[in-house]
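Numbering-wise, UniProt numbering puts 5 at position 5 of the sequence shown, and it's gapless, one number per residue. All C-beta atoms in this analysis are idealised placements derived from N, C-alpha and C, irrespective of residue type, glycine included. Structure first, then comments.
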Amino acid sequence: MIKPVDTDAQDAADVEDIALEVFIQALRLRHGYDFSGYSRASLKRRVVELSRKFGVERLGDLIPSTLYEPELMREIVSHLSVPVSSLFRDPEVFLRLRDDVMPMLASWPRINIWLAGCAYGEEVYSLAILLAEAGLTQRSQIYATDFNDHALERAAEGIFNRQNLPEYRNNYRESGGQGRLSDYYHTRYELLRMRRELLERVVFAHHNLVTDGVFAEAHLIMCRNVLIYFTQPLKDRVLELFADSLVRGGFLVLGNKETLSASSRVADRFELVSAADRIYRLKRDAA
Ligand SMILES: C[S@@+](CC[C@H](N)C(=O)[O-])C[C@H]1O[C@@H](n2cnc3c(N)ncnc32)[C@H](O)[C@@H]1O
Numbered sequence: 001m002i003k004p005v006d007t008d009a010q011d012a013a014d015v016e017d018i019a020l021e022v023f024i025q026a027l028r029l030r031h032g033y034d035f036s037g038y039s040r041a042s043l044k045r046r047v048v049e050l051s052r053k054f055g056v057e058r059l060g061d062l063i064p065s066t067l068y069e070p071e072l073m074r075e076i077v078s079h080l081s082v083p084v085s086s087l088f089r090d091p092e093v094f095l096r097l098r099d100d101v102m103p104m105l106a107s108w109p110r111i112n113i114w115l116a117g118c119a120y121g122e123e124v125y126s127l128a129i130l131l132a133e134a135g136l137t138q139r140s141q142i143y144a145t146d147f148n149d150h151a152l153e154r155a156a157e158g159i160f161n162r163q164n165l166p167e168y169r170n171n172y173r174e175s176g177g178q179g180r181l182s183d184y185y186h187t188r189y190e191l192l193r194m195r196r197e198l199l200e201r202v203v204f205a206h207h208n209l210v211t212d213g214v215f216a217e218a219h220l221i222m223c224r225n226v227l228i229y230f231t232q233p234l235k236d237r238v239l240e241l242f243a244d245s246l247v248r249g250g251f252l253v254l255g256n257k258e259t260l261s262a263s264s265r266v267a268d269r270f271e272l273v274s275a276a277d278r279i280y281r282l283k284r285d286a287a
C-alpha cells in the first residue's frame, strides 16, 4: 500500500533547511564566520537548540538577530562551537605522545606546538604538563587557537569543575603520569584552577580553520574532534593547511573518529605513526 505523504510536514522540513542555508549565509556575509563547510545534520541540531535558547520557534527567526544584533555574535558562535573536552582526553593518545613522540620532539632545539580547536583549554594544560614532565618546557611554545573567543578566555583562566576530578585523575594516570595531578592545580570550593606556571610557554590566539591561513612552523599539530564537524572538502582543505604548517618530520594528531584518508589530497605527504591513536608524521622528503 502506498503511504500517504504528509506534505505539510515535508514542506516545513524543507523550509527549515532553506532557513538554515540563509542563516549560514547571513553569518558569513555579515560577520565573516563561514559554516558552509560544516556537516548539516549536527549543525542543524545546534541551530535548532540556539533558536530555542533565543526563544524563537523557527530557524528563520534567528536571521534578523544575526544581521542586526552584532553583540549576539559571540553567543551564537559560542553555541555553534561545541567546546567539549577533558584533561588528558583519550589518555592512550597522551601515553603515546609521552613515550614515543616527546623523545622525538626533544631532538629539535625549539619545539612549536599548534593546538587547533583548543576549546576551554583542557588539552593545553594536559600538553603543558606532558612537556614539563619530559623536561621540555623551556624549549617549547604552544600556540592554542580556537574561533570561539569566549572559549579562549575561559581557556586562559584555566578553571574547571571540581566534579570532574576523578575522571581527570584517572586520565592522567592512564596517560602514564607518575606524579600527582594535584601538583598542577589549586582547588577552591567547587572549582579547580590550573597553576599559572603551566601557561609560561602558551599563547592563546583567535584562528578560524575555515578562513585563516598557515599558523606557525609547527613540530606538532594537535587538532582533535574538530574535523568531525566538517564536510569532506573542508576536511581536505584543513588537512592541507596542517601539512603546510608542519616542519618536515613534524607530527599531526587527530581525534579518534578522524582519519587522514587515503583519498585526501595530502595523504601521500604523511606517514602513519599510530593508526589507533591517529598520529601521523609529515614525511621528511614531503614537497
Ligand atoms: C569538540 S571541541 C574539541 C576540543 C579538543 N580539541 C578536544 O578534542 O578535546 C571542538 C572545538 O573546535 C572549535 N572549532 C570548531 N570549528 C572551528 C574553526 N573553524 N576554527 C577553529 N576552531 C574551531 C570549537 O570552537 C571547539 O572549541
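Original post:
Is there contact here, the segment 68-86 with the segment 100-114, by at least three beta-carbon pairs under 8 Å?
Top reply: Taking 8 Å as the limit for Cβ pairs, the verdict is that the segment 100-114 does not touch the segment 68-86.
Original post:
According to DSSP, what are the bridge partners of L263?
Top reply: Residue 263 is actually Ser in this sequence, not Leu. Answer by DSSP bridge pairing: none, since S263 is not bridged.
Original post:
Just to confirm, are residue 374 and L165 a CB contact at a threshold of 8 Å?
Top reply: Any property of residue 374 remains undetermined from this structure, which presents the chain solely from 1 to 287.
**OP:** Kindly indicate which residue of S65, A156, A19, L227 has the alpha-carbon position closest to the one of G199.
**Re:** Rather than Gly, the amino acid found at residue 199 in this sequence is Leu. Closest by C-alpha distance to L199, out of S65, A156, A19, L227, is A156.
Original post:
Under the criterion of a Cβ to heavy atom distance below 7 Å, does S85 qualify as lining ligand 1?
Top reply: Within the cutoff, so yes.
Subject >> Supposed contact pair T145 and H207 - C-beta distance, whole angstroms, cut 8 Å >> reply: That belief holds up - the Cβ atoms of H207 and T145 are roughly 4 Å apart, short of 8 Å.
Original post:
Cβ of V273 within 7 Å of any heavy atom in ligand 1?
Top reply: Taking 7 Å as the cut-off, one finds no heavy atom of ligand 1 near enough to the beta carbon of V273.
Subject >> Closest residue to L241 among Y229, C223, E258 (Cα-Cα distance) >> reply: It is C223.
Subject >> Cα-Cα separation, A151 to V226 >> reply: Spanning the two alpha carbons is a distance of roughly 14 Å.
Original post:
Comparing the CB of G213 with every heavy atom of ligand 1, is any distance shorter than 7 Å?
Top reply: Not so, every heavy atom of ligand 1 lies at least 7 Å from the Cβ.
Original post:
Do L43 and S51 come within 8 Å of each other at the CB atom, strictly closer than that value?
Top reply: If you check the CB distance, S51 and L43 do not come in under 8 Å.
Original post:
At which residues does the alpha helix (DSSP H) containing Q10 begin and terminate?
Top reply: Per DSSP, Q10 belongs to the alpha helix (DSSP H) from 7-31.
**OP:** With hydrogens ignored, establish whether the beta-carbon of S42 is closer than 7 Å to any heavy atom of ligand 1.
**Re:** Distance from the C-beta of S42 to the nearest heavy atom of ligand 1 is not below 7 Å.
**OP:** Report yes or no: do the segment 165-184 and the segment 209-219 share at least 3 C-beta pairs separated by less than 8 Å?
**Re:** Here the segment 165-184 makes no contact with the segment 209-219; the two share fewer than three CB pairs at distances below 8 Å.
Original post:
Nearest-angstrom Cα distance between V247 and N170?
Top reply: The alpha-carbon of V247 is positioned some 33 Å away from that of N170.
Subject >> Spatial distance of V15 from I24 (CA atoms) >> reply: Cα to Cα, the separation comes out at about 14 Å.
Subject >> From G60, D8, E49, residue whose alpha carbon lies closest to that of V22 >> reply: Checking every option, the nearest Cα to that of V22 belongs to G60.
**OP:** Indicate, with yes or no, if ligand 1 has a heavy atom lying under 7 Å from the CB of F147.
**Re:** Judged by the Cβ position, F147 qualifies as a neighbour of ligand 1 at the 7 Å threshold, a heavy atom of the ligand being closer than this.
**OP:** Please report the residue range of the alpha helix (DSSP H) in which Y168 lies.
**Re:** First-last of the alpha helix (DSSP H) with Y168: 165-174.
**OP:** Give me whichever residues DSSP pairs with Q141 in a beta bridge.
**Re:** Answer is N112, bridged to Q141.
Original post:
Which parts of the segment 28-99 are runs of the beta strand (DSSP E), unbroken and 3 residues or longer, counting only runs that do not cross its ends?
Top reply: Uninterrupted beta strand (DSSP E) stretches at least 3 residues long and entirely within the segment 28-99 do not occur.
**OP:** Answer with buried or exposed for residue 303, where buried requires no fewer than 16 other C-beta atoms within 10 angstroms of its C-beta.
**Re:** As shown, the chain starts at 1 and ends at 287. That puts residue 303 outside it, with no answer to give.
**OP:** Using 10 angstroms around the beta-carbon of Y189, count the other beta-carbons present and answer buried if the total reaches 16, otherwise exposed.
**Re:** Counting Cβ neighbours within 10 Å, Y189 comes out exposed, since fewer than 16 surround it.
Subject >> Top-ranked residue by Cα proximity to K257, from R284, Y229, S65 >> reply: Selection R284, Y229, S65 evaluated against K257 yields Y229 as nearest (Cα-Cα).
Subject >> Close beta carbons around Y184, own chain, < 8 Å, minus the five adjacent residues each side >> reply: Counting only residues of its own chain and dropping the five nearest sequence neighbours on each side, Y184 has a CB closer than 8 Å to the CB of Y125, I129, M194, R195, L198.
**OP:** Can you tell me which of the three DSSP states R248 falls into?
**Re:** Secondary structure at R248: strand, using DSSP grouped into helix, strand and coil.
Subject >> First and last residue of the uninterrupted beta strand (DSSP E) at L282 >> reply: That run of the beta strand (DSSP E) goes 279-282.
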